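Notes to accompany the following structure.
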Amino acid sequence: MRRSICIILLCLLLLPATTWSAGELVGHVRMQGSIIETPCAIALNSIDQSIDMSVLPIEKIMRDGGGPTRPFKIRMVGCNFAPVRAHQQERSAFYITFDGTATNNGLFAVHGQGRGVGLQIANEDGYMAAPGQPIPVGKLLPGNDVLNYTLRLVANRSPLRAGPYRATIRLKLDYY
């Protein structure tokens, strides 16, 4: 008898705990999102590029302010050339941002033993890119899926020192 009472009391004690625990299992999941159509993608052979700036004598940098320009291209694929608004000619507009370590005078910094220089990027209209700042709107038109840029090593008004250098510059496209 005593054993039966203990079992009944034990069951009564456990009942509120299971009822309370079951209440914790109730929950809600709310989700939201949007579906977008990206106008373009960067071609795989344009995503990672290495550009050899070659050997440049300090005397040339002092005399000319920098070295020769090196062209590079960013090829776009899968571009959607639908007009932005009905009855308009404008198509697939975007901002492009080159990002990397900046020097005091708006150039892209180089790292290594070489000093007193920075890298300058320009688009085909001659607009100079500043690190982290979007370049004015570019437009892609049917049949023109290549963005042309130049890279140039220039003096940054710091004392020049000979030696190897390197830089990593990231690219970001923002469409609208």
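Note that the sequence shown covers residues -22 to -1, 1 to 154 in mature numbering (1 follows the signal peptide of the UniProt record, and there is no 0).
Just so it is clear, CB atoms sit at the ideal spot from N, CA and C, and this is done for glycine as well.
This one's a predicted model, so the numbers in the text were calculated from it and none came from an experiment.
- Excluding five sequence positions before and after Thr79, the CB atoms of its chain that fall closer than 8 angstroms to its own CB belong to Phe86, Ala87, His89, Pro109 and Ala145, given in chain order.
- DSSP places Met54 in the strand class (E or B) of the three-state scheme.
- Around Tyr105, the same chain offers Ile113 and Pro114 as residues with beta carbons nearer than 8 angstroms, after the five sequence neighbours per side are excluded.
- In its chain, beyond the 5 residues on either side, Phe76, Ile99 and Ile113 have a beta carbon closer than 6 angstroms to the beta carbon of Ala107.
- In the three-state reduction of the DSSP assignment, Leu97 falls in the strand class.
- Taking C-beta atoms as the reference points, Gly96 and Pro142 fail to come closer than 8 angstroms.
- By the C-beta density criterion, Gly44 is buried, having at least 16 other C-beta atoms within 10 angstroms.
- Judged by DSSP secondary structure, Asp42 falls within the alpha helix (DSSP H) whose first and last residues are Ile36 to Asp42.
- A straight-line Cα-Cα distance of about 18 angstroms links Leu151 and Asp103.
- If you check the CB distance, Leu131 and Met40 do not come in under 8 angstroms.
- Cβ atoms of Tyr127 and Phe50 come within 8 angstroms of each other, at about 6 angstroms.
- With respect to the C-alpha of Ile147, the residue from Gln10, Glu37, Val33 and Asp26 having the closest C-alpha is Asp26.
- By the Cβ neighbour-count rule, Asn82 is exposed, with fewer than 16 other Cβ atoms within 10 Å of its own.
- Less than 8 angstroms divides the Cβ of Ser136 from the Cβ of Gly94.
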